[in-house]
Amino acid sequence: MHTVSPLAFSNLPHPQPNPFRSAGQSGASLSPAAELTHAIDLAVAESTASLPTLESLASSHPSPMVEHWRRTARAAALAEHDTSRRVTAQMTVPQAQAIVADIAAMTQALVILDQRYRNTPGWEPLTQSARLGWVSLAAALDINLGQPDYSVDHLGWRPKTKVIPHPVRPGILGVLQAQHNLVIRMSAFPTATNLRLVVDSQRLVSAHLVPFAARVDDRLAARWSQRAETYTLIQKQLRDIGGVLGNGASAAAEGANAVARLRAIAPTTIVEARVLSGFQLLFNRLDHRIADVINEGLQRGAYCERVALPHFENGTGHMVTPVNERFAPTSPATDLAVVHTVNQRLRPQAPPTAPAATPGPTRVELHAALTHRPPPPNDCGSLGR
């Protein structure tokens with residue numbers, strides 16, 4: 008709550024200012040998210056129970072009800088880990104409001120659980136549970152007045168993607184394996200020569216995959232044909248770019264593996280749609296990475312441009328006069344044609360998308376479990392039937 012509550016602005020209209028109150032006088036009302044943060048801090052400070060251990064959060068419990076709450080506590084712990092200050096610095100206001108709505112729903116469920124088992128021997132009641140319930144309800148209602156962005160579920164920590172080791176997968180899966188490994192290997196900065204080899208491999212892979220995609224999706228085939236043309240243009244524009252800083256030998260080798268394995272596949276092979284989708288996902292990631300590498304390399308001087316030096320003719324009588332050339336840093340790098348190509352064609356600006364209006368299925372299940380109410384007992388009329 009401390010990391011997202013500053014972003015969760017209230018959707019309620021601002022009250023009219025009091026003209027009889029001094030400008031610096033305290034007494035301004037807090038937002039519902041700030042009120043919920045203060046109430047949760049008070050409940051945690053007054054509680055004498057110890058925090059659960061990682062073993063208790065990860066181990067299943069035989070009781071179904073305790074198991075549901077264990078999963079909820081584990082989800083809350085993971086959310087607290089993922090919503091670090093580095094992540095919240097990139098979070099929008101609607102995304103922060105979605106997290107506040109989740110916290111409000113969990114708090115309401117805890118208040119209901121506390122009221123239900125308050126008289127149980129050994130049960131430690133929540134501090135000011137009534138106020139905690141009211142402020143969580145106010146925060147939930149305030150969030151519902153706006154439109155929270157549930158794309159926040161895609162933020163946070165992700166496990167590091169690793170290279171798929173040998174053995175080589177058969178058929179088209181071997182090509183997909185090499186393409187996946189190429190994306191991972193491109194995390195290392197390549198030299199200009201290895202970058203040209205990677206670019207050439209993507210030109211060949213895209214062109215060879217077009218007939219396979221045309222049997223399933225014509226639009227995807229046209230997209231990959233355009234990608235092959237783009238990499239053909241980039242390859243020509245990189246001829247005057249040099250640089251020996253970096254490595255990238257493993258990435259160039261994986262690109263060569265992808266081309267060799269793709270050429271070995273029979274032209275009549277039918278490729279499934281999900282495999283083609285996997286290629287498109289890897290293409291998107293690799294295109295953005297190559298664009299980042301070219302921009303970064305030119306900006307920091309790791310890549311230089313070939314320029315011709317002016318010189319005097321010495322009149323030696325030779326039929327061919329050598330051209331004096333050297334590689335020099337470009338300033339500014341944005342003037343190069345290859346920079347315009349990668350920025351406009353490898354990572355075009357996507358149109359702004361509206362916030363996700365509906366939550367995902369897992370979030371719906373969580374809210375349904377938290378706000379679940381037992382069915383009312385049958386009345387006398389129903390018992391007599």
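Residue numbers (this note's numbering): 8 to 392. Glycine included, every Cβ here is placed at the ideal spot set by N, Cα and C. Note that the structure is a prediction, hence the values are computed from the model and not measured.
Would you mind reading off the limits of the alpha helix (DSSP H) that contains R270?
Walking along the sequence shown from the start, residue 270 turns up at place 263. Run containing R270: A256 to R270, per the alpha helix (DSSP H) assignment.
Give the straight-line distance between the Cα atoms of S338 and G262, rounded to the nearest whole angstrom.
Against the sequence shown, residue 338 aligns to sequence position 331. Against the sequence shown, residue 262 aligns to sequence position 255. Those two C-alpha atoms are separated by around 31 Å.
Simplified DSSP assignment, three categories, for R333:
Within the sequence shown, numbered from 1, the residue matching residue 333 stands at position 326. Strand, per DSSP.
Curious, which full-length beta strand (DSSP E) runs of at least 3 residues does the region 275 to 321 contain?
311 to 315
A309 vs L353 beta-carbon contact at 7 Å:
As a working note, residue 309 is residue 302 in the sequence shown. As a working note, residue 353 is residue 346 in the sequence shown. No, the Cβ-Cβ distance between A309 and L353 is not below 7 Å.
Rounded to the nearest angstrom, what separates D48 and E42 at their Cα positions?
Locating residue 48 in the sequence shown gives position 41, counting from the first residue. Locating residue 42 in the sequence shown gives position 35, counting from the first residue. Cα to Cα, the separation comes out at about 10 Å.
Given a cut-off of 7 Å, decide if R203 and L245 are closer than it, judged by their beta-carbon atoms.
Reading the sequence shown from its first residue, position 238 is the one you call residue 245. Reading the sequence shown from its first residue, position 196 is the one you call residue 203. The answer is yes: Cβ separation under 7 Å.
With DSSP run on the structure shown, which of helix, strand or coil describes G249?
For the purposes of this step, residue 249 is taken as residue 242 along the sequence shown, with counting starting at 1. Looking at G249 - three-state DSSP - the assignment turns out to be strand.
Spatial distance of R165 from P132 (CA atoms):
Along the sequence shown, one-based indexing puts residue 165 at 158. Along the sequence shown, one-based indexing puts residue 132 at 125. Those two C-alpha atoms are separated by around 36 Å.
Do the CB positions of A46 and L139 come within less than 7 Å of each other?
The residue given as residue 46 occupies position 39 in the sequence shown. The residue given as residue 139 occupies position 132 in the sequence shown. Yes, Cβ-Cβ distance for A46 and L139 is below 7 Å.
In angstroms with no decimal places, state the Cα-to-Cα distance between A214 and F286.
As a working note, residue 214 is residue 207 in the sequence shown. As a working note, residue 286 is residue 279 in the sequence shown. Cα to Cα, the separation comes out at about 13 Å.
Three or more C-beta pairs closer than 8 Å, one from the region 144 to 158 and one from the region 98 to 107: is that the case here?
yes
Distance between beta carbons of V349 and I297, contact taken as under 8 Å:
Position 290 of the sequence shown, counting from 1, holds the residue named residue 297. Position 342 of the sequence shown, counting from 1, holds the residue named residue 349. Right, the Cβ-Cβ distance comes to about 7 Å (below 8 Å), so this counts as a contact.
Please name the residue or residues paired with P197 in a DSSP beta bridge.
Within the sequence shown, the letter at position 190 stands for residue 197. DSSP output for P197 lists N254 as bridge partner(s).
Quick check on R192: buried or exposed, where buried means 16 or more other Cβ atoms within 10 Å of its Cβ?
Reading the sequence shown from its first residue, position 185 is the one you call residue 192. So R192 ends up on the buried side.
With 16 other Cβ atoms within 10 Å as the buried cut-off, status of Q233:
What you label residue 233 is simply residue 226 of the sequence shown in a count that begins at 1. Exposed is the call here.
Which residues in the same chain have their Cβ closer than 6 Å to the Cβ of V206, if we skip the five residues on either side of it in sequence?
The sequence position of residue 206 within the sequence shown is 199, counting from 1. Answer for V206: Y238, I241 and Q242, listed in chain order.
Mind checking G367: buried by the 16 CB within 10 Å criterion, or exposed?
As a working mapping, residue 367 is identified with position 360 in the sequence shown. Classification for G367: exposed.
Contact check, N302 vs A259, beta carbons under 7 Å
Along the sequence shown, read from residue 1 onward, the residue named residue 302 stands at position 295. Along the sequence shown, read from residue 1 onward, the residue named residue 259 stands at position 252. Not closer than 7 Å, so no.
Could you pull out every residue in the same chain whose Cβ sits closer than 6 Å to the Cβ of F196, ignoring the five residues on either side in sequence?
What you label residue 196 is simply residue 189 of the sequence shown in a count that begins at 1. G253.
Run the CB neighbour count on L288, radius 10 Å, all protein chains shown included, and call it buried at 16 or more, exposed below.
In the sequence shown, the residue the question calls residue 288 occupies position 281. L288 comes out exposed.
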